[in-house]
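Quick note, the sequences are listed as chains E and X, same order. Quick note: the first sequence uses the numbering used here, first residue 3, plus one each step. Quick note: the second sequence uses the numbering used here, first residue 3, plus one each step.
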Amino acid sequence: IAGITQAPTSQILAAGRRMTLRCTQDMRHNAMYWYRQDLGLGLRLIHYSNTAGTTGKGEVPDGYSVSRANTDDFPLTLASAVPSQTSVYFCASRPSGGRTDTQYFGPGTRLTVL
Amino acid sequence: KQEVTQIPAALSVPEGENLVLNCSFTDSAIYNLQWFRQDPGKGLTSLLLIQSSQREQTSGRLNASLDKSSGRSTLYIAASQPGDSATYLCAVGANNLFFGTGTRLTVIP
Numbered sequence: 003i004a005g006i007t008q009a010p011t012s013q014i015l016a017a018g019r020r021m022t023l024r025c026t027q028d029m030r031h032n033a034m035y036w037y038r039q040d041l042g043l044g045l046r047l048i049h050y051s052n053t054a055g056t057t058g059k060g061e062v063p064d065g066y067s068v069s070r071a072n073t074d075d076f077p078l079t080l081a082s083a084v085p086s087q088t089s090v091y092f093c094a095s096r097p098s099g100g101r102t103d104t105q106y107f108g109p110g111t112r113l114t115v116l
Numbered sequence: 003k004q005e006v007t008q009i010p011a012a013l014s015v016p017e018g019e020n021l022v023l024n025c026s027f028t029d030s031a032i033y034n035l036q037w038f039r040q041d042p043g044k045g046l047t048s049l050l051l052i053q054s055s056q057r058e059q060t061s062g063r064l065n066a067s068l069d070k071s072s073g074r075s076t077l078y079i080a081a082s083q084p085g086d087s088a089t090y091l092c093a094v095g096a097n098n099l100f101f102g103t104g105t106r107l108t109v110i111p
């Protein structure tokens, strides 16, 4: 069982380009999340999805969009990348809406926007 | 908006020492509090989850406590080992997690 996979592992991107970060989980978890991690700021929630077909905005959603066409995949798209989106991006999943469920994290994507 | 603070930001201890990491949060109306471990260049691994109705959770050499009234949690690590070296993150919430900035722990052999 792979758990959560993210691709690419790292990417250098020119400002203004469009980029999609991929996230796939094989645990059949209902909920999925995208966080960004920046030095001194910790992890902040970008977008989330409680179940396939639904999405919601987190703390820092501007400049990002997500879709949840099925249970396993939750791609994050930067429509027109800017340098402030340089960060490490983590995808996570959670089994259900139960209060005792923890989140499981992928290995991350390191994105540099020049 | 929930604010989560972790002190100290970094800590170095000799192997075998017991240590305590601290986490504080501003809004006591939390569902859960979790402690995660992050190794350099890696994702997060959940260590302990304390429900809002609980006071503590234990797993091996780790013990986490929760005091909602004071907005505090501690992670106690007994008999530290070099393999415990990592960044430890505290997070509150259930669906949407609010994270602290972490404590970077180094255990010196």
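The beta-carbon is built from N, C-alpha and C at its ideal position, and this holds for glycine as well.
Non-local C-beta neighbours of GLN4 (chain X) in its own chain, meaning closer than 8 Å and more than five positions away in sequence, comprise PHE27, THR28, ASP29, ILE32, VAL94, GLY95 and PHE100, ordered along the chain. Assigned with DSSP and collapsed to three states, ASP75 (chain E) falls in strand. At a C-beta separation below 8 Å, ASN97 (chain X) has these neighbours in chain E: ALA33, TYR50, ASN52, ARG96 and GLY99. If you draw a straight line from the Cα of GLN53 (chain X) to the Cα of ASN34 (chain X), it is about 4 Å long.
Restricted to the region 36-62 of chain X, the beta strand (DSSP E) segments that are unbroken, complete and at least 3 residues in length are 46-53 and 58-61, listed in chain order. Interface criterion met: the Cβ of ARG46 (chain E) is under 9 Å from a Cβ in chain X. Along the region 67-90 of chain X, there is no position whose C-beta sits under 8 Å from a C-beta of chain E. The beta carbon of SER61 (chain X) does not come within 9 Å of any beta carbon belonging to chain E, so the residue lies off that interface. When the Cα atoms are used, TYR35 (chain E) and ASN52 (chain E) turn out to be separated by approximately 9 Å. Judged by beta-carbon spacing, ARG46 (chain E) lies beyond the 9 Å limit of VAL68 (chain E), meaning their Cβ atoms are not closer than that value.
Rounded to whole angstroms, ARG24 (chain E) and CYS93 (chain E) show a C-alpha spacing of 9 Å.
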